[in-house]
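Taking it in order: structure first as structure tokens, then the write-up.
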Amino acid sequence: MPSTGAPFDWSLVDIAVPLSSDRLPGVSMAGFRHRGPASMDIAMVAHPSVTLLIDLSEGEGLVHRGHARDLRGSAVVGLLPGALRAGGRVGECLQIRLEPAAAAVVLGAATELTGAVVSLDDVWGRDAGRIEDRLRTAASWGERFTIAADLLGRRLGSRPRVAPEVAFAWRQLRASRGRARVDCLAHEVGWSRKRLSARFRAQLGITPKRAARLVRFDHAARLLAAGHAAADVAAESGYVDQSHLHREVKSFTGLTPTAVAVAPWLAIDDVVWPASPPMRSPVTSGGHIPDFG
Numbered sequence: 001m002p003s004t005g006a007p008f009d010w011s012l013v014d015i016a017v018p019l020s021s022d023r024l025p026g027v028s029m030a031g032f033r034h035r036g037p038a039s040m041d042i043a044m045v046a047h048p049s050v051t052l053l054i055d056l057s058e059g060e061g062l063v064h065r066g067h068a069r070d071l072r073g074s075a076v077v078g079l080l081p082g083a084l085r086a087g088g089r090v091g092e093c094l095q096i097r098l099e100p101a102a103a104a105v106v107l108g109a110a111t112e113l114t115g116a117v118v119s120l121d122d123v124w125g126r127d128a129g130r131i132e133d134r135l136r137t138a139a140s141w142g143e144r145f146t147i148a149a150d151l152l153g154r155r156l157g158s159r160p161r162v163a164p165e166v167a168f169a170w171r172q173l174r175a176s177r178g179r180a181r182v183d184c185l186a187h188e189v190g191w192s193r194k195r196l197s198a199r200f201r202a203q204l205g206i207t208p209k210r211a212a213r214l215v216r217f218d219h220a221a222r223l224l225a226a227g228h229a230a231a232d233v234a235a236e237s238g239y240v241d242q243s244h245l246h247r248e249v250k251s252f253t254g255l256t257p258t259a260v261a262v263a264p265w266l267a268i269d270d271v272v273w274p275a276s277p278p279m280r281s282p283v284t285s286g287g288h289i290p291d292f293g
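FYI, full-length UniProt numbering numbers position 150 of the sequence shown as 150, with every residue one higher than the one before it.
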């Protein structure tokens, strides 16, 4: 799936978000319908969540290109997958973001998914096809969100959760935008730093230190996309200097801060994911959000 070189046009995408009644803790969802006649091609940007991309298209559908191979159809994108593009002749797609603690419960494979992109079949087996069929034949995006929320809610309610200490440490990392110190978190939960790091990695698939870097990068990327200067973003996000920011952005995306600032993947983040703290005004030239009453 080579890049076309043309900027992605969000005005050709209709966007839907669920009502508050369909939202679950640690879970965010959005629906996309691409009205363009040609194939889409968009670079994904690392995010502190596990992402489910459920392809509801007819025909060729969604394609993912990572380091090793192309993957067609619905996929699960683990934490820290590296450079990844999504595209193909995509008609409709449901994107679900799972906080790592929720992903560990819903998918049951947090450690194995870190750094990986796998098909939904690899994770859910035969259930994947049945889920896709139910979502594809639903009469509206509202019905699709209800189906997805019911499925995820039942999994969240019927499986063992991660240790409260691990969940607390993750919440603190998110709340501090990656600036909480791991030794302080360990002290707060009454564990040694070594024990917290080991349990955190075993249950979420990532060390607390690496998680903090990812959360901090996400905050910085959103500031860059909001139009803030790189030097200001570095200071606001807790980097030593602008060079430090540049190295971290390059590490997570393979891109420069300037390129991340105009990444289409981030261009409508605050519109699509209303649970995120707003950082900029909604785009007016991109897709719209239908009101599902």
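The beta-carbon is built from N, C-alpha and C at its ideal position, and this holds for glycine as well.
- Inter-segment contact for the stretch 222-231 and the stretch 259-270 is present: three or more beta-carbon pairs are separated by less than 8 angstroms.
- Between Arg97 and Ser158, the CB-CB gap reaches or exceeds 7 angstroms.
- Taking one beta carbon from each stretch, the stretch 197-211 and the stretch 180-187 have 3 or more pairs nearer than 8 angstroms; the two touch.
- In this structure, the alpha-carbon of Val260 lies about 28 angstroms from that of Ser57.
- Excluding five sequence positions before and after Phe145, the CB atoms of its chain that fall closer than 7 angstroms to its own CB belong to Pro18, Asp22 and Met29, given in chain order.
- Glu236 is not a Cβ neighbour of Phe217, given a cutoff of 7 angstroms.
- Val13 and His34 do touch by the CB rule: their CB atoms are close to 5 angstroms apart, below 8 angstroms.
- CA-CA distance, Ala229 to Asp127, rounds to 46 angstroms.
- Around the beta carbon of Arg130, a 10 Å sphere encloses fewer than 16 other beta carbons of the protein chains shown; the residue is thus reported as exposed.
- Apart from sequence neighbours up to five positions away, the residues of its chain that approach Leu80 with a beta-carbon distance below 8 angstroms are Ala46, Thr114, Gly115, Ile206, Arg210, Leu214 and Phe252, ordered along the chain.
- Close CB contacts of Gly73 within its chain, under the 7 angstroms cut and outside five residues either way in sequence, are with Asp55, Gly61, Leu62 and Ser119 (chain order).
- Contact between Val123 and Arg155 does not hold, since the beta-carbon distance rounds to 12 angstroms and is not under 8 angstroms.
- Taking the Cα of Leu24 as reference, the smallest distance to any Cα among Glu132, Glu99 and Ile15 is reached at Glu99.
- DSSP lists no bridge partner for Thr114.
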